[in-house]
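To keep things clear, I will list the structure first and then write my remarks on it.
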Amino acid sequence: MQFTLAAFLQLGCLAAAQTLRPSVSLSHGTYLGTTTQVALSTSTATVNKFIGIPFADPPVRFRASRLPSPSNKTFDATVQQPSCQSEEDCLHLNIFAPKTPGLKAVLVWWHGGALQMGSSAGTDGSNLAANEDIVVVVAQYRLGVFGFPGNVSGLPADELNAGFRDQKTTLKWIQENIAAFGGDKTKVTISGDSAGAVSADSQLMSEPFDKPLFHAAILQSGGLHTFNRIALQIGPASTGLGTGNKKDEQPFLTLAKALNCDVDKALACVQSKTAAEVRVGVSRVNLLFPPVDDGGLSSVGDSDSARRAGRTVKVPVLIGSTFEEGNIFPQNNIASKTFDEWTRIVYPENAAARSEVARAYAVGSDWLIQSESDARNLLHSDYQFACTTTYDANMMASIGIPTWRYLFNASFPNGRRAGHGSDVGFLFGSSQSTDQNKILSRRIQGAWASFVKDPQAGPGWAKYGSAPKSLGNLGGEGDRKSITLSDPQVVDSRCHVWTDAYDPNRPKS
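For the sequence shown, the positions run -17 to -1, 1 to 492 when mature numbering (1 follows the signal peptide of the UniProt record, and there is no 0) is used.
Here it is in structure tokens:
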């Protein structure tokens, strides 16, 4: 009798504990999350966390993902699921939702990693969700050859770029389910850093243009132009992301050969291999697997012409870069070529353009350029990231897209300037090494949340191009803990030398 009573009491305690956990019932299952307490300035806030919710069925290799099948099972949503870098069955998302009444604006975040690596594991949205009373969704997507196999014979055009299609499936899932977590499906902002920004930009270029599954976009240090610079020109050699794909090379066929496949039956053969075998083959060929034009989802190869033709979603965009994007990349890779050799890769047959680049980056012409090493580093930073951001912002504003722009310019205790990706921790509240940076982090969160809640009103400064000082300078201009305003023309003083490289077919005035 005592044992029976003890067992009964124990079961009762377990049941009570389970009822205290946040629970959400969806068509594909009931999910039990957890809560976390986040310290605010004068109080604490409770955030419901749901980790590892599937937004799609386990994917079929190289094929478009599908929304989850119905289920009446109950699942534990507290465990981080495998990354898409390590497993194919990886299409999960994490949700961070304030435990407050009412529907809230939603920020969707896609991680960086050149579309070849990364995961949702390192991004905890609790601090941002609590401080700004928004719902944060951090989603995974297929990477490398599993997400971007290329123009492979046998794959229909509308199923290419599986990774981008995973993101489209994420947005469909959000429209169907986010209200159950306290999110407002009519206020969804897509965002990401680096390849995550490339991903968000791909969705901007995605049909249907008149009925998008989102309402605004934030592009942090990336866009379709950025990836083209990294994947196809100077990026691979400087970043260590592969050897650099030649224009006439098909990475998928190179991989198939490495896997001892008949190239005439490459698709079926690679599909028959285990994921582990494919990953070994990828490491052997050392190539990037970039997105390709795919018949409607995204205009990867010529986003400019597509935008000019109106093939884009015209929602408000917040776009920016960091002060010294290139300082995180391997310096020995950048030093492997002289400054002139790098310029010849970009402008192989245009001596006049090379001369203009040389003048813009001449040693001593700027306080940032005190040596040829400085010039090489700044060339990479500008060409791959900073000036592509400028170019994209100009393009968007010119076709009537409400555009806001920023420059992340924080300082760090180690003396380094703001490099690629260093703004992400400030957004999510994890970069709080100094009191100054804690304050700046909160101000950045506030600006981003203002944009997410009311994109048409912007993040708190003038729309790009509407005033002489229309660039939000985050942590610069003499006040390292604030957002001040700067003149974009001063920030962009070198960017004109890259315009012909970015868009050689642009209409000439």
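Every residue gets a Cβ at the ideal spot worked out from N, C-alpha and C, and that includes glycine.
Keep in mind it's a predicted model, so treat the numbers as computed, not measured.
The alpha helix (DSSP H) that contains residue i, what's its start and end?
| i | result |
| --- | --- |
| G179 | 178 to 187 |
| Y447 | Y447 -> no alpha helix (DSSP H), and no H or E assigned at all. |
| F235 | 234 to 241 |
| residue 494 | The question about residue 494 has no answer, for the chain in this structure spans -17 to 492. |
| E115 | 109 to 115 |
| V296 | That residue, V296, is in no alpha helix (DSSP H); it is neither H nor E in DSSP. |
| I328 | 322 to 329 |
| Q150 | 145 to 160 |
| Y374 | 370 to 381 |
| A358 | 355 to 364 |
| V340 | 334 to 343 |
| A97 | That residue, A97, is in no alpha helix (DSSP H); it is neither H nor E in DSSP. |
| V128 | 127 to 130 |
| G264 | 258 to 268 |
| N408 | Here residue 408 turns out to be Gly, not Asn, going by the sequence shown. Note, G408: alpha helix (DSSP H), 407 to 411. |
| S52 | Premise fails: S52 is in no alpha helix (DSSP H) and is neither H nor E. |
| S348 | Neither: S348 is in no alpha helix (DSSP H) and is coded neither H nor E. |
| C252 | 249 to 255 |
For residue i, count neighbouring C-beta atoms within 10 Å of its own C-beta (all shown protein chains included) and say buried if the count is 16 or more, exposed if not.
| i | result |
| --- | --- |
| V473 | exposed |
| L3 | exposed |
| N392 | buried |
| W350 | exposed |
| P5 | buried |
| N456 | buried |
| D231 | Bear in mind that a pLDDT of 38 at D231, under 50, signals an unreliable position, so the number given afterwards is only what the model happens to contain. The residue in question, D231, is exposed, as its Cβ has fewer than 16 Cβ neighbours within 10 Å. |
| S189 | buried |
| P487 | exposed |
| T169 | exposed |
| D470 | exposed |
| S354 | exposed |
| L271 | buried |
| G347 | exposed |
| E307 | buried |
| P51 | buried |
| Q64 | buried |
| D277 | buried |
| G108 | buried |
| Q99 | buried |
| Q123 | buried |
| V263 | exposed |
| G398 | exposed |
Can you give the beta carbon distance from residue i to residue j, rounded, assuming they're within the 8 Å contact cut?
| i | j | result |
| --- | --- | --- |
| V283 | G127 | Between G127 and V283 the Cβ distance is about 16 Å, and since that is not below 8 Å, they are no contact. |
| V120 | V89 | 6 Å |
| S424 | Q415 | 6 Å |
| H208 | Y485 | 6 Å |
| residue 523 | L236 | As displayed, the chain neither begins before -17 nor continues past 492, which places residue 523 out of reach and without an answer. |
| S304 | A369 | 5 Å |
| A251 | T152 | The pair is not a contact, with the Cβ atoms about 25 Å apart (cut-off 8 Å). |
| S336 | D483 | Just to set this straight, residue 336 is Ala in the shown sequence, not Ser. 6 Å between Cβ atoms; contact. |
| K82 | D167 | 16 Å between Cβ atoms; not a contact. |
| H403 | I311 | 5 Å |
| Y447 | A376 | 6 Å |
| A113 | S66 | With 8 Å as the limit, A113 and S66 do not qualify as a contact, their Cβ atoms being about 25 Å apart. |
From what residue to what residue does the beta strand (DSSP E) around residue i run?
| i | result |
| --- | --- |
| A80 | 75 to 81 |
| F192 | Per DSSP, F192 belongs to no beta strand (DSSP E) and is neither H nor E. |
| V7 | 6 to 9 |
From the DSSP secondary-structure annotation, give me the bridge partner or partners of residue i.
| i | result |
| --- | --- |
| G455 | Y389, L468 |
| L202 | G175, I302 |
| D59 | L15 |
| T29 | Q20 |
| G166 | K87 |
| P487 | DSSP, once it has assigned bridges, lists no residue as partnering P487. |
| W431 | Paired residue(s): none; W431 is not in a bridge. |
| S394 | R400 |
| I422 | Bridge partners of I422: none, in fact. |
| P37 | H75 |
| W92 | V121, S174 |
So, does the region 148 to 164 touch the region 7 to 19, judging by three or more C-beta pairs under 8 Å? yes
Is the region 195 to 212 touching the region 168 to 180, taking contact as three or more C-beta pairs under 8 Å? yes
Should the region 434 to 446 be regarded as contacting the region 356 to 364, the criterion being three or more beta carbon pairs within less than 8 Å? no
Can you confirm whether the region 363 to 371 touches the region 425 to 441 when touching is taken to mean that 3 or more C-beta pairs between the two stretches lie within less than 8 Å? no
Does the count of Cβ pairs from the region 314 to 330 and the region 378 to 385 closer than 8 Å reach three? no
Decide if the region 134 to 146 is in contact with the region 50 to 60; the criterion is three or more beta carbon pairs, one per stretch, under 8 Å apart. no
Is it the case that the region 142 to 151 contacts the region 45 to 56, given that we only count it when at least three CB pairs across the two stretches are under 8 Å? yes
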